[in-house]
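Reading through the structure tokens given below for one structure.
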Ligand code: SF4
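Numbering (our numbering), first residue to last: 15 to 287.
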């Protein structure tokens, strides 16, 4: 799914003003085209920090945490989210984060355009809401009332990571929330393996996982869990107490997040001894 900030990223690309060229004299466009093809400006060989420009703009767009109340607030580490909301100087955008955005965005937008060639059947960025908690589903199959979410997977042949035999639980968790919000018994997760690992002589590029939640009881229970998670997160922020909010330090699939977490020291102090 494209979370809210990623969605804003895509919308804002058209007005990416750090890349605007410096103003030039207003001459006829035909003349300018001819001149620019032939001439080299005196400062043409000066280096410029183009990556820095992109990072600066990304910082401006995504550097501040957005308001609480999105499904994705509780699908990785809600305690980290609580810390971020309470932090007067939240961690800004880094090249690493920008790299996640750009590669994720590329995969999402190409897939979305492919499905959107059939607008009668599919919607992209489908808006869903339950008790004020919102979500945006990557692709929604209107025909069968099914959510489809795209994910990228970075591990692969270089670090001998095994091919995924099941989706990451937090990605599945998010999809199940969407299924519950749509009251849908079936949803799909499509992974793209960025490292394209080989297994048994086969290149793995994509893998599709079917997720089922057949009973209405399960879907209602999911909705209850979503409300409970978001309510606890909001209470943690309101009472300025991240310790009451769920953390992921003992989850081996996700605790790599702790290695880069700005709040690891404070969080360690809150863990049961
Ligand atoms: S250290 Fe880990 S568990 Fe604690 S807030 Fe950060 S990401 Fe979450």
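Think of the CB as a built atom: it goes at the ideal place given N, C-alpha and C, for glycine as much as any other residue. The structure displayed is predicted, hence computed values, not measured ones.
Linking residue 126 to residue 153 through their CA atoms gives a straight-line distance of about 7 Å. DSSP, reduced to helix, strand and coil, places residue 95 within a helical segment of the structure shown. With distances taken between CA atoms, residue 66 lies nearest to 107 out of 90, 148, 107 and 248. Per DSSP, residue 200 is one residue of the beta strand (DSSP E) stretching across 200-207.
Remark: the shortest separation between the CB of residue 261 and any heavy atom of ligand 1 falls under 7 Å. Restricting attention to 103, 193, 276 and 205, the CA atom closest to the CA of residue 237 is found in 193. Only exposed fits residue 60, as fewer than 16 other CB atoms lie within 10 angstroms of its CB. For residue 224, the uninterrupted beta strand (DSSP E) run begins and ends at 220-226, by DSSP.
Here the alpha carbons of residue 254 and residue 281 stand approximately 13 Å from one another.
Beta-bridge partners of residue 87 (DSSP): none assigned. Here residue 151 is buried. Its C-beta has 16 or more other C-beta atoms within 10 Å.
The straight-line gap separating the alpha-carbon atoms of residue 54 and residue 114 is approximately 36 Å.
Cβ contact annotation for residue 196 (same chain, cutoff 7 Å, sequence separation greater than five): 142, 159 and 161, in chain order.
Cα atoms of residue 157 and residue 224: separation of roughly 17 Å, rounded to the nearest angstrom. Cβ-Cβ distances below 7 Å link residue 257 to 284 in the same chain, with the five nearest sequence neighbours on each side left out; the list follows chain order.
For residue 103 and residue 131, the gap between their C-alpha atoms comes out near 43 Å.
Rounded to whole angstroms, the separation of the alpha carbons of residue 88 and residue 243 is 6 Å. Relative to the Cα of residue 84, the nearest Cα in the group 249, 73, 145 and 177 belongs to 145. Residue 64 counts as exposed, since fewer than 16 other C-beta atoms from the protein chains shown sit within 10 angstroms of its C-beta. For residue 231, the closest C-alpha among the options 199, 94 and 80 is that of 199. Spanning the alpha carbons of residue 260 and residue 91 requires a straight line of approximately 7 Å. If you check the CB distance, residue 163 and residue 188 come in under 8 Å. The residue from 273, 140 and 287 with its alpha-carbon nearest to that of residue 94 is 273. Per the coordinates, the alpha-carbon of residue 248 lies some 52 Å from the alpha-carbon of residue 58. Linking residue 101 to residue 111 through their CA atoms gives a straight-line distance of about 18 Å. The residue from 81, 96 and 204 with its alpha-carbon nearest to that of residue 147 is 81.
Around the beta carbon of residue 264, fewer than 16 other beta carbons lie within 10 angstroms, which makes this residue exposed.
Shown here, residue 259 sits in coil according to DSSP, grouped into three states, outside any helix or strand.
With 16 or more other CB atoms across the displayed protein chains lying within 10 angstroms of its CB, residue 165 is buried.
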